[in-house]
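K.L.:
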């Protein structure tokens, strides 16, 4: 099978490989008779089988493409075994590339291709979101369109902003794009200078997608002269269908359908060739058993061969050991001979060595007699020198250590002096506000220099005594303020208790007012009822008066009526006065209680505010004094420490 020019790895079964490796040996259909020649001639292009290899041969389908002229047809891969087409030479591919580059300069052709691209984008639902304007596209739109079209051809492909230039270049090589698009063009797709090349790329990919959507293996009726010709043709079609199906499964990662596809293809070919699949399975099992038996025999043979090799290796080891022993004996004999010769030479040189030693001893004795002191004296002098050197070293070490200590304590003294000055300044600043109210506190202000002098320490002792005196006075003032605060607090509690009692009384009075108000309302209801009854009685009396107007007792009735009317008016006046008197009494009581409560609340608030203010002021003063005492104590501790350090340094320096 001829190799593809791309690096694609399409999974092809062993049966398909065997079939396509013998493609040239497939007998072609014989020339048909005149009866069906016309039908065969009219459908010649339909019987051309597309090749699965990527090559430069093309058959033509009527479609405008970016590959050829604008009035030409779409180029699609043709069959590799077709006798009516030949593989195009490199020269023809070069001419196609030149034609594409020439078409890219034709504005009418570019506009027509752009219209085709817009129709494809609008009619297909592949693009999300839709691309309203692609002239020129943004880099994001360009990546989206190219990725969508390439996914239709290669479902597993992934394109992003980082790898789109390399992936697109590689895919155009795989698809054998008849032209060249450099990386610089892919980087600047959003400028009009590269627009014709981008249109060419889009149109080429759209043609590939449309071509893939078509079914090139549609069953077409054909006249065959012999049954063998039909069998060969169908076997060839099955193989091509199987390879294309395997290619689609491989691109889609449908691993579960792979085995099913292979079994279906095998079954079709077996049925076509009249092969008994059951017998083939039995033969496969028989072959497998024989292979197992062969493997067993091979293993036994390997074991025997291994044992034979081990025996041969043991013999070789024994022979090599014997040879090594012989060589060792020869070497030992040679070494013994050399050592004997060396000893003989040394014995010959021995008298000369003895003579030289005697001469050296005589010379050494004469030198000893001439030296100024004995060996014992020399040892004693060396010991004394070592002792003196040790003392000098100790003195130097002490001096160096004392110097280091002095430098260290000088640095610490400077640091402590700085810290002490900051503490004194902080102490004086903390007393400045207090001295406004208590001028006597000015006596506690510390000088801000001369910390290491004795007079400063004496002054500090005096200030500490003064501080204790002022602190005792403040404690006494604090006790007095605390006692006053407790008295104020006690008065506040009494006032609150009195206020609570007044509130209870006011609630009772309010309840009484509510009761009287209810009684007044009830009296008004009763009065209204009496008025109603009186009006009824008056009507009845008027009626009787009309009846008795002519009787002799009319005067008596009138007198009685006048008396009743007078009594009613007296009762009405008495009720109204009583009601007004009761309401006035309750209103007066309510106003009095309310005023007293307000007065008591104001007095309580004033007392509470004054108590809180006095307490806060006393606590604030006490806290400031305590803080000042703490800082003064810290200053005294620092001064004591500095004094002790200074005395230690002075004593070390004197030593």
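In my numbering, the protein residues as written are 10 to 664.
Note that the Cβ used here is the ideal one computed from N, Cα and C, for glycine as well.
What would DSSP say about residue 169, mapped onto helix, strand or coil?
P.N.:
Residue 169 falls in the coil class under three-state DSSP.
K.L.:
Pairing CB atoms from the segment 522-542 with CB atoms from the segment 585-592, are three or more of them under 8 Å?
P.N.:
Cβ pair count under 8 Å is three or more, so yes.
K.L.:
Measuring only the C-alpha atoms, how far is residue 59 from residue 147?
P.N.:
Only weak support is given to the placement of residue 59: the predicted model assigns it a pLDDT of 39, under 50, and the value that follows is read from those uncertain coordinates. Approximately 37 Å between the Cα atoms of the pair.
K.L.:
For residue 497, tell me which candidate among 618, 241 and 587 has the shortest Cα-Cα distance.
P.N.:
Among 618, 241 and 587, the Cα nearest to that of residue 497 is on 618.
K.L.:
Are the Cβ atoms of residue 469 and residue 483 separated by less than 9 Å?
P.N.:
No, the Cβ-Cβ distance between residue 469 and residue 483 is not below 9 Å.
K.L.:
Could you have a look at residue 114 and say whether DSSP puts it in helix, strand or coil?
P.N.:
Residue state, collapsed to three classes: coil.
K.L.:
Tell me the DSSP secondary structure of residue 524 in three-state form.
P.N.:
Helix.
K.L.:
Please report the distance separating the alpha-carbon of residue 114 from that of residue 272.
P.N.:
Spanning the two alpha carbons is a distance of roughly 52 Å.
K.L.:
Just curious, the alpha helix (DSSP H) that residue 335 is in, first and last residue?
P.N.:
286-379 is the span of the alpha helix (DSSP H), which, as asked, contains residue 335.
K.L.:
Confirm, please, whether the CB-CB distance from residue 453 to residue 429 is below 9 Å.
P.N.:
No.
K.L.:
Reducing DSSP to helix, strand and coil, say where residue 191 ends up.
P.N.:
DSSP places residue 191 in coil when its eight states are reduced to three.
K.L.:
Quick one: what's got a C-beta closer than 8 Å to residue 50's C-beta in the same chain, skipping five residues either side?
P.N.:
Only weak support is given to the placement of residue 50: the predicted model assigns it a pLDDT of 38, under 50, and the question is left unresolved by the model.
K.L.:
At the level of alpha carbons, what is the spacing between residue 210 and residue 250?
P.N.:
So the two alpha carbons sit approximately 29 Å from each other.
K.L.:
Measuring straight from C-alpha to C-alpha, what distance separates residue 398 and residue 385?
P.N.:
The alpha-carbon atoms of residue 398 and residue 385 are separated by roughly 20 Å.
K.L.:
Between 550, 587 and 486, which has its C-alpha nearest residue 533's C-alpha?
P.N.:
It is 587.
K.L.:
Answer with buried or exposed for residue 731, where buried requires no fewer than 16 other C-beta atoms within 10 angstroms of its C-beta.
P.N.:
This structure does not reach residue 731, given that the chain is present from 10 up to 664, and the question cannot be answered.
K.L.:
For residue 329 and residue 340, what's the separation of their Cα atoms in angstroms?
P.N.:
Cα-Cα distance, rounded: 16 Å.
K.L.:
Thinking just about the alpha-carbon of each residue, which of 550, 574 and 580 is nearest to the one in residue 535?
P.N.:
Comparing Cα-Cα distances from residue 535 to each of 550, 574 and 580, the minimum goes to 580.
K.L.:
For residue 286 and residue 279, I'd like the C-alpha separation in whole angstroms.
P.N.:
When rounded, the distance between both Cα atoms is 7 Å.
K.L.:
Would the segment 115-124 count as touching the segment 200-209 if we require 3 or more Cβ pairs under 8 Å?
P.N.:
Yes: at least three Cβ pairs fall under 8 Å.
K.L.:
For residue 460 versus residue 434, is the C-beta distance shorter than 9 Å?
P.N.:
Taking 9 Å as the Cβ cut-off, residue 460 and residue 434 do not qualify as a contacting pair.
K.L.:
Let's see if you can read the secondary structure: which residues bound the alpha helix (DSSP H) around residue 404?
P.N.:
Looking at the DSSP string, the run of the alpha helix (DSSP H) that includes residue 404 is 384-446.
K.L.:
Can the beta-carbon of residue 178 be found closer than 9 Å to that of residue 190?
P.N.:
Yes. Within cutoff.
K.L.:
What is the DSSP secondary structure of residue 647, reduced to helix, strand or coil?
P.N.:
DSSP places residue 647 in helix when its eight states are reduced to three.
K.L.:
Determine the closest residue to residue 171 out of 165, 509 and 196, with distance taken between C-alpha atoms.
P.N.:
Answer by Cα proximity: 196.
K.L.:
With residue 602 and residue 514 assumed to form a contact (beta carbons below 8 Å), what rounded beta-carbon distance in angstroms separates them?
P.N.:
With a Cβ gap of about 7 Å, residue 602 and residue 514 count as contacting.
K.L.:
Tell me the residue span of the alpha helix (DSSP H) that contains residue 450.
P.N.:
No alpha helix (DSSP H) contains residue 450, which DSSP labels as neither H nor E.
K.L.:
In the DSSP assignment, find the alpha helix (DSSP H) that holds residue 208 and state where it starts and stops.
P.N.:
Counting along the chain, the alpha helix (DSSP H) containing residue 208 begins and ends at 204-222.
K.L.:
Using 8 Å for Cβ pairs, my map puts residue 199 next to residue 145. What's the rounded Cβ distance?
P.N.:
Residue 199 to residue 145, Cβ: 5 Å. Contact.
K.L.:
Let's see if you can read the secondary structure: which residues bound the alpha helix (DSSP H) around residue 184?
P.N.:
That residue, residue 184, is in no alpha helix (DSSP H); it is neither H nor E in DSSP.
K.L.:
Use the C-beta contact count for residue 215: other C-beta atoms within 10 angstroms, 16 or more gives buried, fewer gives exposed.
P.N.:
Residue 215 is buried by the Cβ-count criterion.
K.L.:
Residue 487 to residue 626, Cα distance in whole Å?
P.N.:
Cα-Cα distance, rounded: 10 Å.
K.L.:
Can you tell me the Cα-Cα spacing of residue 465 and residue 449, whole angstroms?
P.N.:
Their backbone Cα atoms lie some 20 Å apart in a straight line.
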